[in-house]
Structure formats: C-alpha cells, structure tokens
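Residue numbering for the sequence shown follows our numbering, starting at 1 and increasing by one per position.
We put the CB at the ideal spot given by N, CA and C, even for glycine.
Beneath this line is the structure, given in structure tokens, with notes to follow.
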Amino acid sequence: YNEDGFFYSFLARATGNLDKLNLSPDFFPLWFSSIENDLFHSEAVGCLVGGIRGNSFLEGFFLVEFLENLLMRFLRFGL
C-alpha cells in the first residue's frame with residue numbers, strides 16, 4: 001500500500017471522497033471510474049462504494065469493483 005494506508009488511494013481523507021461518502025444518503029453508493037482512479041483489478045471499469053455508518057459517523061465501507069462484461073450484463077438485464 002502507498003502512504004495513504006490502504007490500496008484505494010481515492011478514498012484517502014485528503015481527497016474529500018470519504019466526506020462525500022459520509023454525507024451521502026444512507027445506503028446510497030457512490031461510483032468511482034477506473035479512468036480517474038486506480039482499482040485493484042486491471043479490467044475493472046469502476047467501483048461502487050457504500051458507507052457503513054455507526055451512530056453518527058462513517059465506520060467503514062463496502063467496495064465492489066465491476067468488470068466491463070459484468071457491468072454490461074447487469075445494465076442489460078437489471079440487477
């Protein structure tokens with residue numbers, strides 16, 4: 001991992017993306033494109049990140065990367 005402390009550097013506090021995630025409505029995920037962000041899988045087109053909230057703050061997040069062929073299948077047939 002780099003100096004941010006974990007693999008997904010676009011979720012480092014300095015980027016402001018954790019604040020966006022914390023301020024988003026409950027269970028509403030944010031989309032991060034692989035064009036603008038480094039993802040784990042080399043064929044990922046992007047990822048959805050949903051926050052896990054405690055009583056009043058963000059305690060963690062779920063992150064799901066999407067490969068292009070799977071994303072197209074979901075969009076065509078629905079989730």
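Compute the distance between the beta-carbons of residue 30 and residue 24, then report whether it is under 8 Å.
-> Taking the first residue of the sequence shown as position 1, residue 30 is located at position 30. Taking the first residue of the sequence shown as position 1, residue 24 is located at position 24. Yes, Cβ-Cβ distance for residue 30 and residue 24 is below 8 Å.
Backbone secondary structure at residue 28 - three-state DSSP | Counting from one through the sequence shown, the residue named residue 28 turns up at place 28. Coil, per DSSP.
Residue burial classification, residue 11 (beta-carbon count within 10 angstroms, cutoff 16) | For this step, residue 11 is matched to residue 11 along the sequence shown. Residue 11 should be labelled buried.
As assigned by DSSP and simplified to three states, the class of residue 10 = In the sequence shown, residue 10 corresponds to position 10, counting from 1. Of the three classes helix, strand and coil, the one that applies to residue 10 here is helix, per DSSP.
Using DSSP with H/G/I as helix, E/B as strand and the rest coil, what is residue 21?
-> What you label residue 21 is simply residue 21 of the sequence shown in a count that begins at 1. Correct three-state label for residue 21: helix.
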